[in-house]
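Trainee: Below you will find the structure I want to go over with you.
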Amino acid sequence: MAQEALTELKITGMGCASCVGRVEAALRDVSGVDAASVNFATKTAQVAFDGPVSALTAALDAAGYPAETSHADLSIEGMNCASCVGKIERALASTAGVIEAQVNLATRTATVTYAIAATTPEALAQVVTEIGYPARIQGVAEPESRENDEIQRLVRSTILAAALALPVFILEMGGHMIPVFHHWIQATIGTQTSHLIQFALTSALLIGPGRVFYRKGIPSLLQGTPDMNALVALGTGAAYLYSVTATFAPGLLPQGTANVYFEAAAVIVVLILLGRLMEARAKGKTGAAIRKLVGLQPKTARVELDGQIQDRPIAEIVVGDILHIRPGERVPVDAEVLEGTSYVDESMITGEPVPVGKSAGAPVVGGTVNGTGALRVSATRVGGDTALAQIIRMVQQAQGAKLPIQGLVDRITYRFVPAVIAVAVITVALWLIFGPSPALPLALVAGVSVLIIACPCAMGLATPTSIMVGTGRAAELGVLFRKGDALQQLQQARVIALDKTGTLTLGRPELDSVTTAKGFDREEVLRLAAALEARSEHPIASAITRAGPATLPEASDVRSLTGLGLQGLVEGRDVLIGSHRLMQQRGITLGALADEAEARAAQGATPLFVALDGQTAATLSVSDPIKPGTVEGLQRLHQMGLTVAMITGDNARTAQALADRLGIDHVTAEVLPDGKVDAITALRDRFGVLAFVGDGINDAPALAAADIGIAIGTGTDVAIETADVVLMSGDLRGVANATEISRRTMKNIRQNLGWAFGYNVLLIPVAAGALYPFGGYLLSPALAAGAMALSSVFVVSNALRLRRIRASVPETSGKATKEVHA
């Protein structure tokens, strides 16, 4: 039996001492637990256990006493291929206290979920460092200097390697390409001296710039978990040792086979280092979106203290601090305006290009740019709680996520390097058995080429680099993928279901039109109606009041006629406002206004009548304006071949009127909040994979039930927390943009995977000598190294094309279109 470890867990939910027994019983029921002791005072549990801590946390969750967990983000150096990812993930997963570990090759980071008290971020970083990958704890903002340092180190290594390899290449290959040069070498320094010089330079190269492959590759071989470094170490090592033998002990080799391949080992190292340099520079660009977001965070703020204004670091700002923002400055933290008026550019947060007016009581978001006015504000959210910090966290989480498609890639790449080594061994054996004379050097060339040309790096980078660039570009367009797998699922959507109020429409009724009867003045009727409605709190009443003049006369003897309307005296006149039924009850003739009201109702508006002193004076039409961009967004969704459905609690007539106006394909109306989930299930069964777009608290169950939940960023926190995708601008054009990004990113991933797998499937047989029977073509190890280096660069460069994605439907300023009442 394995050595039992003592695991300490922080327990939540214990309300009294009697909880201790239940927690201990839940822990002891877990297979592998020998003993469990819970301390109520410290809220901790000591467990003697030889299994994964996730089994303990699952048992505690089921018992209703969850273990307290946290997340650690680690920056990791030295990862070169998918094999490294698997090795680090296995090391972290086997560490006491770790619940889940995800490593991202593209970002060179690890996200670890661990049980508090069982381990620490420092201990996790040490675990990764001890297996050969220096790691450190990462904050929200990853300094760009680390990437620059790595690039500079690769530049120095590549230049030094090239300087050492160039004379070797000239001495050996120059003689093959130019016979006169070969004769000159023999006549001057001699062949043996040439080999000794090549030996010295290649040895210096492998000990210096090339030692990274041996320092990582040989231990991985000995541990039985070979990676890309192991392939390079085996290939260059075989060429080097064979050449050393041919130089110093040629008698050990069969007659006529004492050839040197120092130039192959040297050029391989140079080309692979060059490939890694190009890859590092390209990958540095994949994180541009995060760096841009982090760059929005001001470093200092002007704080009002005891009547004085002082510059303070952002880290020292606390909720309630009074801050001063000058024209043109970035807003330091989320805050509420106390004094001043200005326009604030929120485009980097919401994607909306038009500055937003701000005055006393208005919220401002940290990272946005103040316009021409000075503002005095009170901090409401600071540090990691600000909207910008949450956006950065969402983007980082999405970038670090593994899509379902990555699971298959991981399983293949985990076994890829051992398979390549096996193929190389078989290749050498076949050449020795069936190859023409001299078979040994031909077998060596083929075996080394197989080892060098294989590239799991390209496979490992194919998915995460596209995710990084795609989600980063999405954030710049105001689309946040909160959950990584939503990026893959959204492109599979066949139907987009939309909530109505607050999603398609603004969610606030507005006065649409006023049509007066003959002999009545429009302004007077509206003034009297607005004065009466000012005494009501109904949303429709508020719409009429807002449409009236700023100064209204007083209304008296106001009576609410439940379900019918309102009556009262204004400036000595009897004012009656209400429905068609109310007018009929009072015996008031509507005349031509009845036809006007019917026409408005057919369009989905809510018609009302105004009677003055018993005579019909006007008909008012109230509707809920359609949001700017809704029409354009729905048109683009149709162009993408998607079915658009609307789910609403409105009556069927009102809902159908809006659907006809907007071209919505399917309407489910008169649905209670609890019925939205059933409506989603029915739509999914009929059309296929479904994305639901909503904004309110009552939309949260529907967002969770949909295959992909898309929340309007201007909606409630509950809706946003439940969703897979968040549209920061609250504009439906963002749905089209999110779908376009999802489709383009997944297409990019498929291109990368097609290249990565196709490259290996086609070129490994070529490297093994498949073309030799057809003209004597045998791939040079140096060419193999060049092809391998370029394969990773191709994948990263292809992913970078996603940075050029433009908004599927550009967002422009515009006024709301007045339509039906919710």
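Residue numbers 231 to 1052, in the numbering used here, belong to the letters of the sequence shown in order. Ideal Cβ positions, reconstructed from N, Cα and C, are used throughout, including at glycine.
(1) With a threshold of 7 Å on Cβ separation, who are the neighbours of I448 within its own chain once the five nearest residues in sequence on each side are excluded?
(2) Please state if the CB of V548 and the CB of V612 are separated by a distance shorter than 8 Å.
(3) Helix, strand or coil for N978 per DSSP?
(4) If you drop the 5 nearest sequence neighbours on each side, which residues of the same chain put their C-beta closer than 7 Å to that of C311?
(5) Would the region 389-399 and the region 437-445 be scored as touching if the rule is three or more Cβ pairs under 8 Å?
(6) Between the region 416-427 and the region 644-658, are three or more C-beta pairs nearer than 8 Å?
(7) I346 and T287 look like a contact to me (Cβ under 8 Å); what is the Cβ gap, rounded to whole Å?
(8) State the start and end residues of the unbroken beta strand (DSSP E) segment that holds G924.
(9) Between T341, A885 and L483, which has its C-alpha nearest E900's C-alpha?
(10) Can you name, in chain order, every residue of its own chain whose Cβ lies under 7 Å from the Cβ of A590, other than the five neighbours on each side?
(11) Ignoring anything shorter than 4 residues or poking outside the region 459-533, list the alpha helix (DSSP H) runs there in chain order.
(12) When you compare only the Cα positions, how much space is there between G821 and G749?
(13) What residue ranges within the region 649-719 form continuous alpha helix (DSSP H) runs of no fewer than 4 residues, ordered along the chain?
(14) Whole angstroms are fine: how far does the CA of E767 sit from the CA of E754?
(15) Counting along the chain, where does the alpha helix (DSSP H) carrying D825 start and finish?
(16) Could you tell me how far apart the beta carbons of I697 and R511 are, in whole angstroms, since I believe they sit closer than 8 Å?
(17) So is A659 buried or exposed if we call it buried at 16+ other beta carbons inside 10 Å?
(18) Tell me, to the nearest whole angstrom, how far the beta carbon of T775 is from that of A760; I am working on the premise that it is less than 8 Å.
(19) For the region 949-969 and the region 917-932, state whether three or more C-beta atom pairs, one from each stretch, are separated by less than 8 Å.
(20) How would you write the range of the beta strand (DSSP E) that H554 sits in, first residue to last?
(21) Verify whether the separation of the beta carbon atoms of I910 and V653 is less than 8 Å.
(22) Quick check: what's the CA-CA separation for P557 versus N600?
(23) Could you say which of T299, G999 and Q721 lies nearest to S1010 if we only look at CA atoms?
(24) With three or more beta-carbon pairs closer than 8 Å as the criterion, would you say the region 693-709 touches the region 1015-1031?
(25) Please return the same chain residues whose Cβ sits closer than 6 Å to the Cβ of L507, not counting the five positions on each side in sequence.
(26) Start and end of the beta strand (DSSP E) containing R803?
(27) So the alpha helix (DSSP H) S1022 belongs to, where does it begin and stop?
(28) Quickly, what does DSSP pair H896 with across the bridge? List them, please.
(29) Are there three or more Cβ pairs, one per stretch, closer than 8 Å when the region 863-871 is compared with the region 959-974?
(30) Cβ of L806 within 8 Å of Cβ of S786?
(31) Identify whether T423 lies in helix, strand or coil by the three-state DSSP scheme.
(32) With S450 as the anchor, note down where its alpha helix (DSSP H) starts and where it stops.
(33) Of all the options L758, Y472 and I726, which has the alpha carbon lying nearest to the alpha carbon of N489?
(34) Can you give, in chain order, each stretch of the alpha helix (DSSP H) that sits fully within the region 334-406 and has at least 4 residues?
(35) With a cut-off of 8 Å on the beta carbons, I'd call L461 and A716 a contact; round off their distance for me.
(36) From P858 to L791, what distance separates their C-alpha atoms?
Mentor: The relevant details are as follows:
(1) A463
(2) yes
(3) helix
(4) Within the same chain, C311 has close Cβ partners D457, M458, P686, C687 and G690.
(5) yes
(6) Result no; under three Cβ-Cβ pairs closer than 8 Å.
(7) The Cβ separation is near 11 Å, so there is no contact.
(8) L920 to G924
(9) Per the Cα distances, A885.
(10) V567, L568 and E569
(11) 492-516 and 518-525
(12) 13 Å
(13) Along the length of the region 649-719, whole alpha helix (DSSP H) runs at least 4 residues long occupy 669-683 and 686-706, reported in chain order.
(14) 22 Å
(15) L823 to A832
(16) The beta-carbon separation of I697 and R511, rounded to 19 Å, does not stay under the 8 Å limit for a contact.
(17) exposed
(18) 5 Å
(19) yes
(20) From DSSP, the beta strand (DSSP E) with H554 extends over I552 to I555.
(21) no
(22) 6 Å
(23) Ranking T299, G999 and Q721 by Cα distance to S1010 puts G999 first.
(24) Segments in contact, yes.
(25) L384 and T388
(26) R803 to G808
(27) Per DSSP, the continuous alpha helix (DSSP H) segment holding S1022 begins and ends at P1011 to L1030.
(28) A875
(29) yes
(30) no
(31) helix
(32) For S450, the enclosing alpha helix (DSSP H) starts and ends at R441 to L452.
(33) Y472
(34) Here the runs fully enclosed are 351-360.
(35) With a Cβ gap of about 36 Å, L461 and A716 do not count as contacting.
(36) 35 Å
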